[in-house]
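In full-length UniProt numbering, the protein residues as written are 1 to 172. Every residue, glycine too, gets a C-beta built ideally from N, C-alpha and C.
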């Protein structure tokens with residue numbers, strides 16, 4: 001937890017422009033104002049990743065943060081290149097649909113769930129369920145029944161096998 005005290009409007013704006021969330025995405029950040037009031041650092045507009053990079057690298061332990069952000073703000077990632085390690089999942093409900101992602105645990109072992117995204121591209125057909133792969137994809141937004149409307153789609157630019165990460169299951 002980070003608390004900045006004696007914040008002026010100028011300091012609050014400066015802190016938000018620096019995007020402190022990039023330093024530690026899991027930190028709770030609060031701003032205490034000169035008048036004794038406090039506010040959450042987040043206004044809802046912040047992005048947890050540096051969108052100025054040519055390729056946005058999603059570290060293994062930040063997949064959950066990225067997944068929530070891309071699901072909440074798919075337009076933010078439109079036409080952006082992303083790179084990450086994923087495990088393949090072939091959808092039983094939507095045959096022929098590739099759905100790479102990660103398993104995630106919010107609370108305990110019993111609540112492990114799969115967080116996947118629709119993907120298209122050459123080479124995906126060579127991966128079986130539970131095969132690990134390193135993916136670079138150009139993000140898009142499309143309507144699909146799996147999303148019950150619009151949702152993010154990974155248009156795979158490159159894919160290759162990789163070792164599974166030290167922590168296979170993502171936690172929040």
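Expressed to the nearest angstrom, what Euclidean distance is found between the alpha-carbon atoms of residue i and residue j?
i, j, result
"residue 78", "residue 29", "28 Å"
"residue 2", "residue 31", "8 Å"
"residue 60", "residue 165", "7 Å"
"residue 7", "residue 47", "22 Å"
"residue 58", "residue 141", "19 Å"
"residue 39", "residue 92", "45 Å"
"residue 51", "residue 66", "12 Å"
"residue 64", "residue 171", "7 Å"
"residue 148", "residue 9", "41 Å"
"residue 130", "residue 163", "12 Å"
"residue 116", "residue 34", "44 Å"
Using only CA atoms, which one of the options lies nearest to residue i?
i, options, result
"residue 114", "52, 50, 6 and 169", "169"
"residue 158", "109, 164 and 124", "124"
"residue 118", "130, 98 and 33", "98"
"residue 36", "4, 63, 10 and 66", "4"
"residue 69", "151, 144, 109 and 143", "151"
"residue 155", "122, 126, 146 and 148", "122"
"residue 127", "102, 101 and 161", "161"
Report the three-state DSSP secondary structure of residue i (helix, strand or coil).
i, result
"residue 163", "coil"
"residue 48", "coil"
"residue 30", "strand"
"residue 78", "coil"
"residue 123", "coil"
"residue 54", "coil"
"residue 94", "coil"
Please go through the same chain and pick out, in chain order, the residues whose beta-carbon is closer than 7 Å to the beta-carbon of residue i, but skip the five residues on each side of it.
i, result
"residue 111", "105"
Looking only at its own chain, which residues have a Cβ that is under 8 Å from the Cβ of residue i, when we skip the five neighbours before and after it?
i, result
"residue 55", "81, 82, 83 and 136"
The region 133 to 141 touching the region 82 to 98, judged by at least three CB pairs closer than 8 Å: yes
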